[in-house]
Amino acid sequence: MKAIVIGAGIGGMSSAIALEKKGFSTQVFEAVKEMKPVGAAISIWPNGVKCLNALGMGEKIKAIGGDMRTMAYFDYRNASPLTQFSMAPLVQRVGEKPYPVVRAELQNMLIDHYGKSRIQFGMRLVAIDQNSEGVTVTFEDGSQAQGDFLIAADGTHSVARPYVLEKAAPRRYAGYVNWNGLVAVDEAIAPASQWTTYVGEGKRVSLMPVSEQRFYFFFDVPLPLGLAENRETLKADLKNYFAGWCPAVQTLIDTLDVSTTNRVEIHDIDPFDQFVKGRVALLGDAAHSTTPDIGQGGCAAIEDAVVLAEILASHSLGIEDSLQRYQQRRTVRTRDLVLKARKRCEVTHAVNPQQTEAWYQELRSETGERILAGLCETIEGGPLG
Ligand code: FAD
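Under the UniProt record's numbering, read the sequence shown as residues 1 to 385, first letter to last.
Next up, the structure:
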């Protein structure tokens, strides 16, 4: 059995690795000639880590993961802690650590595990055709490939999605812009092994420790869609958006490297229930695009891959039957994640300012118990518990 996998992102590579581990042969096609991940880093929560462990990459993810021991929310004006607590109870309850990782390092880990030379880069999928025997894909250069089934992990702008749904699924602007990048750990900005978030005015500034004494940082600001992006004014823009914020935030803006700072207008897609058409299955952001507010989009793609391979290997009624079972398992879980992230996004970014103010007040009496319980519930909803 041969799978064609479209996309060499987190979803595509995880699926190719998971399928090969179960004895399927795979061929991966990626549109770009060279991978340049959008976004500096990503948090792989224990549900994602457990899946990577199951795929044989446990030691590798541990080696590139940051050491995140405590979590804190600070007041934006004076950096006084609203709440600050250990993450050890989470690790103990779910049985695995979370790992914030540099995105390029995660991407390289997956690609190297599979074998970079086996991936066909510069191959952009433009058309899909299938019959009862298999699937044929056509690329931009006119070339074609055949397989028994197709895993389309071609991201949020998926060309396979309208083929599967037979209609468009528009992306929805979530109402805020995110800037992200990496800086050297500096205790004047935040404690080295803490996930620190400064909150106020419906904005946030967050720092997570990644490997080699670096922080992954991000700024969120509610803004209209389509504002001009100008790297030359990036620091001045951030200084303006974060005027009156505490010295740690000003130091972060002074320190960051504008040439490697990304600016992303955050979107998601209303969840839908069809991931599969015959022998073609959507996976990762192609199937469920979420805002990053609970840090689960990439983790969900890895979960998809593990579930997909497990079902294909353990059922014998044929590809189409197995893909339907994959769809049944994953639509419920990923709808929940997308809607949870959307809700968190709205509270964090002052869609309803009173609700956001109430959340800031709630943080003042938070012992960590409620926040960790919420994180654990999300994690334990994953396929490996
Ligand atoms: P992608 O990473 O988009 O990969 C798709 C691949 O397909 C790309 O390489 C692309 O070039 C290729 N491709 C596209 N079209 C074609 C085509 N026609 N033919 C061939 N190839 C094609 N998730 C987390 O788990 N934790 C986090 O902390 C987190 N933080 C985030 C922060 C931000 C700011 C953002 C924007 C997202 C974040 N996410 C996070 C979400 C995560 O980045 C995505 O869910 C994840 O990258 C999805 O992986 P994917 O493989 O499905 O898609």
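We put the CB at the ideal spot given by N, CA and C, even for glycine.
| request: Could you tell me which of Asp293, Asn240, Val102 sits nearest to glutamate 212, measuring between CA atoms? | output: Here residue 212 refers to the residue found at position 212 when the sequence shown is read from its first residue. For the residues Asp293, Asn240, Val102, the minimum Cα distance to glutamate 212 belongs to Val102.
| query | By DSSP, does histidine 113 sit in helix, in strand, or in coil? | reply | Numbered from 1 along the sequence shown, position 113 holds the residue referred to as residue 113. Helix, per DSSP.
| N-terminal and C-terminal residue of the alpha helix (DSSP H) that glutamine 27 is part of | Position 27 of the sequence shown, counting from 1, holds the residue named residue 27. First-last for glutamine 27: 25-29, but that is the beta strand (DSSP E), not the alpha helix (DSSP H).
| Among Glu34, Pro37, Thr356, nearest to glycine 202 - alpha-carbon criterion | As a working note, residue 202 is residue 202 in the sequence shown. Nearest C-alpha to glycine 202: Thr356.
| Proximal residues to lysine 2 (C-beta, below 6 angstroms), its chain only, five neighbours per side dropped | Translated into positions along the sequence shown, residue 2 becomes position 2. Same-chain partners within the cutoff: Ser25, Gly147, Asp148.
| task | Compute the distance between the beta-carbons of valine 126 and glutamate 140, then report whether it is under 7 angstroms. | result | Taking the first residue of the sequence shown as position 1, residue 126 is located at position 126. Taking the first residue of the sequence shown as position 1, residue 140 is located at position 140. For the 7 angstroms CB-CB criterion, valine 126 and glutamate 140 form a contact.
| said: Quick check: the region 352-366 against the region 301-312, are at least 3 beta-carbon pairs closer than 8 angstroms? | reply: No: fewer than three Cβ pairs fall under 8 angstroms.
| message | Is there a C-beta anywhere in chain D that falls below 7 angstroms from the one on isoleucine 151? | response | Absent from the structure is chain D; it holds one protein chain and no more.
| Pick from Ala281, Asn230, Tyr198, Phe275: whose alpha carbon is nearest that of glutamine 250? | For the purposes of this step, residue 250 is identified with residue 250 of the sequence shown, where counting begins at 1. It is Tyr198 whose Cα lies nearest to the Cα of glutamine 250.
| task | For leucine 150, collect the residues of the same chain with a Cβ closer than 6 angstroms to its Cβ; drop the 5 residues on either side in sequence, then sort them by chain order. | result | As a working mapping, residue 150 is identified with position 150 in the sequence shown. Closer than 6 angstroms at the Cβ level, and outside the excluded window around leucine 150, lie Ile4, Val135, Val280.
| query | Within the present structure, is the beta-carbon of asparagine 178 separated from the nearest heavy atom of the ligand FAD by less than 6 angstroms? | reply | Locating residue 178 in the sequence shown gives position 178, where the first residue counts as 1. Yes, since a heavy atom of the ligand FAD falls inside the 6 angstroms radius drawn around the Cβ of asparagine 178.
| Looking only at C-alpha atoms, which of Glu20, Ala40, Gly115 sits nearest to arginine 263? | Residue 263 sits at position 263 when you count from the first residue of the sequence shown. With respect to the C-alpha of arginine 263, the residue from Glu20, Ala40, Gly115 having the closest C-alpha is Ala40.
| Mapping DSSP to helix, strand and coil, what is isoleucine 17? | Here the question's residue 17 lines up with position 17 in the sequence shown. Note: isoleucine 17 maps to helix in three-state DSSP.
| field | Start-to-end residues for the beta strand (DSSP E) that takes in isoleucine 119 | value | Reading the sequence shown from its first residue, position 119 is the one you call residue 119. If you look at isoleucine 119, you'll find it isn't in any beta strand (DSSP E); DSSP assigns it neither H nor E.
| field | Spatial distance of glycine 11 from alanine 300 (CA atoms) | value | Working through the sequence shown from its first residue, we reach residue 11 at position 11. Working through the sequence shown from its first residue, we reach residue 300 at position 300. Their backbone Cα atoms lie some 9 angstroms apart in a straight line.
| message | For alanine 153 and tyrosine 114, I'd like the C-alpha separation in whole angstroms. | response | For this step, residue 153 is matched to residue 153 along the sequence shown. For this step, residue 114 is matched to residue 114 along the sequence shown. Going from the Cα of alanine 153 to the Cα of tyrosine 114 covers about 16 angstroms.
| said: Can you list, in chain order, the residues of its chain with a C-beta nearer than 6 angstroms to that of asparagine 47? Leave out the 5 residues immediately preceding and following it. | reply: For the purposes of this step, residue 47 is taken as the residue at position 47 of the sequence shown. For asparagine 47, where only same-chain residues beyond five positions count, the Cβ hits under 6 angstroms are Cys299, Ile379, Gly382.
| With burial defined as no fewer than 16 other Cβ atoms inside 10 Å of the residue's Cβ, what is the status of histidine 157: buried or exposed? | Against the sequence shown, residue 157 aligns to sequence position 157. Histidine 157 comes out exposed.
| Got a sec? Which residues, its chain only, sit under 7 angstroms from lysine 33 by beta carbon, not counting five neighbours each side? | In the sequence shown, counting from the first residue as 1, residue 33 sits at position 33. Listed in chain order, the non-local C-beta contacts of lysine 33 below 7 angstroms within the same chain comprise Phe121, Gly122, local neighbours out to five positions each way being set aside.
| Using the rule of at least 16 other Cβ atoms within 10 Å of the residue's Cβ for burial, across every protein chain shown, is threonine 291 buried or exposed? | Locating residue 291 in the sequence shown gives position 291, counting from the first residue. Flag for threonine 291 reads buried.
| query | For valine 137, does the three-state DSSP call read helix, strand or coil? | reply | Translated into positions along the sequence shown, residue 137 becomes position 137. Three-state result, valine 137: strand.
| said: Excluding the 5 residues flanking glutamate 320 on each side, which residues of the same chain have their C-beta closer than 7 angstroms to its C-beta? | reply: Within the sequence shown, the letter at position 320 stands for residue 320. So the list reads Gly278, Arg279, once near-sequence residues are dropped.
| request: Count the other CB atoms, across all protein chains shown, that sit within 10 Å of the CB of glutamine 296; report buried if there are 16 or more and exposed otherwise. | output: As a working note, residue 296 is residue 296 in the sequence shown. Flag for glutamine 296 reads buried.
| task | Report yes if the C-beta of cysteine 299 is less than 6 angstroms from at least one heavy atom of the ligand FAD; otherwise report no. | result | Mapped onto the sequence shown, residue 299 falls at position 299. Flag set: Cβ of cysteine 299 near the ligand FAD.
| Does the Cβ of valine 264 lie closer than 6 angstroms to at least one heavy atom of the ligand ATP? | With respect to the ligand ATP, the structure offers nothing, as its ligand set consists of the ligand FAD.
| field | Validate contact between the region 90-105 and the region 60-80 using beta carbons, cut 8 angstroms, 3 pairs | value | Counting Cβ pairs under 8 angstroms, three or more are found: they touch.
| query | CB-CB under 6 angstroms to tryptophan 179, same chain, minus the five flanking residues each way: which ones, in chain order? | reply | The count along the sequence shown starts at 1 and reaches residue 179 at position 179. Annotation for tryptophan 179: Phe219, Thr261, Arg263 place their beta carbon closer than 6 angstroms to its own, counting only its chain and skipping 5 residues before and after.
| Those runs of the beta strand (DSSP E) which lie wholly inside the region 54-103 and span at least 3 residues | Segments of the beta strand (DSSP E) lying fully in the region 54-103: 70-75, 81-86, 99-102.
| query | DSSP on serine 322, reduced to helix/strand/coil? | reply | Along the sequence shown, read from residue 1 onward, the residue named residue 322 stands at position 322. Residue state for serine 322 is assigned as helix, using DSSP reduced to three classes.
| Coarse secondary structure for tryptophan 245, derived from DSSP in three states | For the purposes of this step, residue 245 is taken as the residue at position 245 of the sequence shown. DSSP places tryptophan 245 outside both helix and strand once states are collapsed to three, so it counts as coil.
| message | If I follow the unbroken alpha helix (DSSP H) through threonine 378, where does it start and stop? | response | Residue mapping note: residue 378 aligns to position 378 of the sequence shown, counting from 1. Unbroken alpha helix (DSSP H) run through threonine 378: 369-380.
| Host beta strand (DSSP E) of isoleucine 266 (start-end) | Numbered from its first residue, the sequence shown carries residue 266 at position 266. That run of the beta strand (DSSP E) goes 262-269.
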